[in-house]
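Each remark here refers to the structure printed beneath this line.
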Amino acid sequence: MNKPEPTNSDTLLNTSSAPHIPARISVQKVMLWVCLTLIPATLAHLYYFGIGIIWQLLLSVSSAYLFEWWCLNWRKQPIKPYIRDLSALVTAWLFALCIAPIAPWYISIVGMFFAVVVAKHLFGGLGHNIFNPAMVGFCVILVAFPQPLSLWLPPEGLSSISSSLQQLNWLEVTEWIFTGVISEQIDAVTAATPLSAIQTGLQQGYSLSEVTSKAIFGDFGGLGWEWIANWIFLGGLVLLYKRIITWHIPAAVLMTTIAFSTPFYLFNADVFMSPQQHVFSGGIMLAAFFIATDPTSGCSSFQGKLIFGAGVAVLTVLIRNFGAFPDGVAFAILLMNMSAPLIDRMTIPQPYGKKRQQP
Amino acid sequence: MSRNTFTTDGFGTNTQHLSHFQGGLVLRHHKKMSCEPSLHHAGIPEVLIVAIRNNRGHVSSPVVKVGEKVLKGQLMASPKHPFGTAVHAPTSGKIKAITDLHTAKPEAVIQTCITIQTDGKDQWIEQPKNTEKPQTPEQIILKVKAAGITGMGGAGFPTHIKYELKSALTEPTLIINGAECEPYISCDERLMADQPNEIILGTMWLLKAAMSKTAIIAIEDNIGGVKKKLDAEIKQLNLLEKGIHISVVKVPTIYPTGGEKQLIKVLTGLEIPSGQSPLSLGLIMQNVATAKAVYDAIELQKPLLERVVTVTGDVVGEPRNYMALIGTPFNYLLSLAKCDFAAVDKLIIGGPMMGYAMPHDYIGIEKTTNCLLALPAESTKPEIESMPCIRCGDCVKVCPQELLPQQLLWYINGNDHTNDLEKSRDHHVFDCIECGACSWVCPSHINLVDFYRFAKSELTYLDHKKAKAQLAQQRHEDRENRLESIKLERQAKRRSKTSKLTNKKTAKSEISAVLARIKQQENNKKT
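For the record, the sequence lines run as chains U and D. For the record, in the first sequence the residue sitting at position 47 is 47 according to our numbering, with numbers rising by one throughout. For the record, in the second sequence the residue sitting at position 307 is 666 according to our numbering, with numbers rising by one throughout.
Structure follows, in structure tokens:
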């Protein structure tokens, strides 16, 4: 029974280090959950703004994966695990949700080039990017192609546009995206985003209440936009429940947006937007739950995350209220990405046993 | 809760006020299968392999020779260092060899082991007639030391040291750790259920050694039956009337609640200051099995010769707890428990979170070996190529020491070796308890703890090198100074001489003295 030598002495056992039991989680699953929670908002987008989002998704996802594959080959990295991690899918999806649904085809391709090739792979690939790739792509086209990006379709349910024009044929939208030929209908129906409507309105000397009494505004923010924001909020709650993100960044972004925009609004309600308009229009909700929570380009400690989120909100409100661009979320995110290492260095938490003088 | 509440009132009144540590994991227990069957004696294997180096790295020198006959309980190796432990023969037999073999320690490190060919008679060495029980704390500590008792929970700290070090403290609180937070292990639970009396009596001896009256036995809240048994035993012994407070406290089952630092935080709300021992808070922590070993040593005059070992795992046919002699080879215990050897992928000493995988099964159990875990390839962590860290922060959420594991990885993995490693020190890498929670949750499958172990050993080495270099530099400077001072001394001498010669008053007498000396020498030569 007790042999004086090891059983199976010819083969040594596996001696890899602890922990020895698997937890069955992976980068792929994390990314998959992010995508799943984006579905409700995407469907709302589809409902309010039509077929465009589907084309933008297809274009950005396919070009993102093309660039990803090309970069992995070029950097001599293993293809399979990195294609399967779904990180490019998340980048492409977030980007598609940011741009105008009827943006021409090259927008997605240029955006994804800067997102995947420049922001991600030139910085060292997955986990090494300093900036959020989707936001880099978005900012580049925001600066390079401001005109096509400002062309949005009027949201579903907008009464001021006659019913014959309200629903664009999906074929016409497709034709516009891929050829850039403006048919008369398209020209007639395109509308500004609520935030750019506010900005141009204010520049033309209208007061804020006059601008927001226009039909494209809903109860809190832009018509349709506020519902997309609601669905993003719901998706964000799922991410919180699944513990993929922590409460720190969303809470910091939303609370600071409200807290920081209120004094401006109270000071002059004719010029500055109300806190609920800030929260429910533009990209602040998406940023709070899906973009600022990008762990790679954000802060690591809980305290750092609070500072990071608050910084995003402050910068966004400042750019919206005083800047040249209607929305400032993307710039705010990039600026805070830059400060993240510094914040991290300043907020190293004190571990167990080092916190305070023991009693 | 302030510290006074439990040193004065005892814990009987306020057991509900538990604190909690940050992070941690809720894991599947896998304990039932090994805990339910009754405790069996493993019997005497043909060969025992007894390591003579304890977990603190202190070797005891063998006092027996190859070929010599030994009796059960006979001293085989005595400690040289105060932190060393005595090693006794677990049964009677002949010393077969004293060689270097794999041991049941981290990385199965190869160390000197005494191999005993057992004779099956289990013949005891003659017991001393004097069975008087020790009276003073010093006598108890000596007895514990002579019995070769080390902590049986895993770290293997020699028990007597804790009481020798506490001398400055008055009335420390004793914490008996029965919280086995790792999955699969059930040896302490089995021991508490079967021998509550021995554990309580052993605890009382430890209290006497610590000159204290308060002890807490901490168990996990998923083993309620054990609490009843211990409580009944405490009641029966009428401890309260004797002024001794021993209370049984249930703590939440969150990994790693059985860790020394975490358990103290849960029980007292206090944190052990970084780099210090529980003594700094007036606490002494001891495993339940250690309390039982103390009982054996003092009441039964038995040195530490055997311990309860959980033999379990998904390829073990009859998982069970065994009372096994120290040195029993793994394969003996595994075949008792009907292990399917061919299906074993990993053979782990300890639990699945912090245990060490052994290269083969011909290794003897040690005083710290609480569990033998045999897992097939299906239940072990697959060897996946790890992905880059995406800084998701899951590790931060689970770290019970409140560190930033992803930042540590970043700095340890950095290209600039020494510079970045120092940054990992700034991020408190030395406060890592290596519980493995971060590695377990990592979606990129990075074995984070390996990096921290590397950083700790590398930094320790660099510190050592730096200290050595500093010492060498110091020596060099001292030497330079010495040479300089000698030179100065010589110069001063020469100067005084030359000044004597140049001075007209003294020159004459100097010259005549020299001439006289030369004359003397010449005279000496002639004669």
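Glycine included, C-beta positions come from ideal geometry on N, C-alpha and C.
Residues of the region 114-145 of chain U with a C-beta atom less than 9 Å from some C-beta of chain D are Gly-124, Gly-125, Leu-126, Gly-127 and His-128, listed in chain order. Looking at the DSSP output, D/Asp-459 bridges to D/Thr-471. D/Trp-483 is bridged by DSSP to D/Lys-431.
The alpha carbon of U/Tyr-206 has as its nearest neighbour, out of U/Leu-151, U/Ile-177, U/Pro-250 and U/Phe-272, the alpha carbon of U/Phe-272. Counted as a single uninterrupted DSSP element, the stretch harbouring D/Ala-410 is not any alpha helix (DSSP H) but the beta strand (DSSP E) occupying residues 406-410. In this structure, DSSP gives U/Val-329 a helical state, which the three-state scheme calls helix. Look at D/Cys-791 here: in three-state DSSP terms it is coil, with no helix or strand label. Take the alpha-carbon of U/His-278 and the one of U/Ala-41: they are about 18 Å apart.
Between the alpha carbons of U/Pro-81 and D/Cys-801 lies a gap of roughly 16 Å.
Ranked by how close their Cα comes to the Cα of D/Asn-536, the residues D/His-787, D/Ile-575 and D/Gln-381 have D/Ile-575 in first place.
Any Cβ of chain D closer than 8 Å to the Cβ of U/Pro-81 would place that residue at the interface, and such an atom is present. Against chain D, the CB of U/Gly-205 has no partner CB under 8 Å away; the residue lies outside that interface. In summary, the residues of the region 796-811 of chain D whose CB is separated from some CB of chain U by less than 9 Å are Ala-796, Ser-798, Trp-799, Val-800, Cys-801, Pro-802, Ser-803, His-804, Asn-806, Val-808 and Asp-809, in the order they occur in the chain. D/Ser-636 is the residue among D/Met-713, D/Leu-734 and D/Ser-636 whose C-alpha sits nearest the C-alpha of U/Gly-353. For the region 522-593 of chain D, the continuous alpha helix (DSSP H) assignments of 4+ residues that do not extend past its boundaries occur at 546-553 and 555-569, in sequence order. Under the Cβ criterion of 8 Å, D/Cys-748 is counted among the residues facing chain U. In terms of beta-carbon proximity, U/Leu-12 lines the interface with chain D, with at least one pair separated by less than 8 Å. Comparing alpha-carbon positions, the option among D/Ser-606, D/Asp-655, D/Lys-521 and D/Tyr-654 lying closest to D/Lys-572 turns out to be D/Ser-606. The region 88-97 of chain U and the region 128-145 of chain U touch, with no fewer than 3 CB-CB distances between them shorter than 8 Å.
Counting every other CB atom within 10 Å of its CB across the protein chains shown gives D/Ile-411 a total of 16 or more, marking it as buried.
Taking all protein chains shown into account, D/Pro-741 has fewer than 16 neighbouring C-beta atoms within 10 Å of its C-beta and is therefore exposed. By the rule that beta-carbons nearer than 8 Å mark a contact, D/Pro-632 touches chain U. Judged by their CB atoms, D/Val-409 and D/Gly-686 are nearer to each other than the 8 Å cut-off. Within the same chain, Lys-502 and Trp-564 come within 6 Å of D/Ile-657 by CB-CB distance, once the 5 residues on both sides are set aside. In this model, D/Thr-509 and D/Cys-394 are separated by some 24 Å (Cα to Cα). In the three-state DSSP reduction, U/Gln-277 falls in the helix class (H, G or I). Near chain U, meaning a CB-to-CB distance below 8 Å, the residues of the region 765-785 of chain D are Gln-765, Gln-766 and Asp-785. The residues His-519, in chain order, have a CB closer than 6 Å to that of D/Lys-504 in the same chain once the five nearest residues on each side in sequence are set aside. In the DSSP assignment, no residue is bridged to U/Arg-345. When beta bridges are read from the DSSP output, D/His-440 appears opposite no residue.
Under DSSP, U/Ser-60 shares a beta bridge with no residue.
Chain U has a Cβ within less than 8 Å of the Cβ of D/Gly-714. Taking C-beta atoms under 8 Å as the contact rule, D/Gly-452 and D/Ile-475 qualify, at a distance of about 5 Å.
Within chain D, the residues whose beta carbon sits less than 7 Å from that of U/Pro-351 are Gln-760, Glu-761, Leu-762, His-787 and Asp-790, listed in sequence order. A Cβ-Cβ separation of about 7 Å places D/Pro-615 in contact with D/Gly-383 under the 8 Å criterion. For D/Asn-680, the enclosing beta strand (DSSP E) covers residues 679-684.
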